[in-house]
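In our numbering, the protein residues as written are 11 to 154.
Below you can see the structure in the form of structure tokens.
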């Protein structure tokens, strides 16, 4: 294992354990709604005001990581009051083995990031055809 992988895994472990990153900048959670159906797993993340170019998604070892950033506008240095969150947003989802991580699709419309992940072909139910055999090669005759 390369040293960078070890450090990345350690950083991820610390982040999960303490719900933080090894950084001085605050990281905010993303409000999320998730559901599953026959086609797969779906999730929507609220990211109002985030530019699409500031959204980064990656999947590694069945962990989907979503990061985004909403920069504080330069002309608002002396804000009198604010309930908006600025800075970095992140979310990690552990995906089941039944999902096809190669099929992940994401769309960003009106401040909502939608992620769709299909069920893996190997996890889908399938019908198995039962073949009719011909029986024994030399059937015995039954006489009375």
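Cβ coordinates follow ideal geometry from the N, Cα and C atoms, glycine included.
- Counting C-beta pairs with one atom in each stretch, the segment 126-133 and the segment 79-95 have fewer than three that are closer than 8 angstroms, which means they do not touch.
- DSSP lists 98 as the bridge partner or partners of residue 37.
- According to the DSSP assignment, residue 134 belongs to no beta strand (DSSP E), since it is labelled neither H nor E.
- Of all alpha-carbon atoms in 110, 48, 121 and 118, the one lying nearest the alpha-carbon of residue 131 is that of 110.
- Three or more Cβ pairs drawn from the segment 90-101 and the segment 67-77 lie within less than 8 angstroms of each other, which places the two stretches in contact.
- Approximately 17 angstroms separates the beta-carbon atoms of residue 56 and residue 36; this is outside 8 angstroms, ruling out the contact.
- As the crow flies, the alpha-carbon of residue 105 is around 39 angstroms from that of residue 91.
- Straight-line measurement puts the Cα of residue 39 at about 23 angstroms from the Cα of residue 89.
- In this structure residue 60 is buried. Its beta-carbon is surrounded by 16 or more other beta-carbon atoms within 10 angstroms.
- Spanning the alpha carbons of residue 43 and residue 117 requires a straight line of approximately 15 angstroms.
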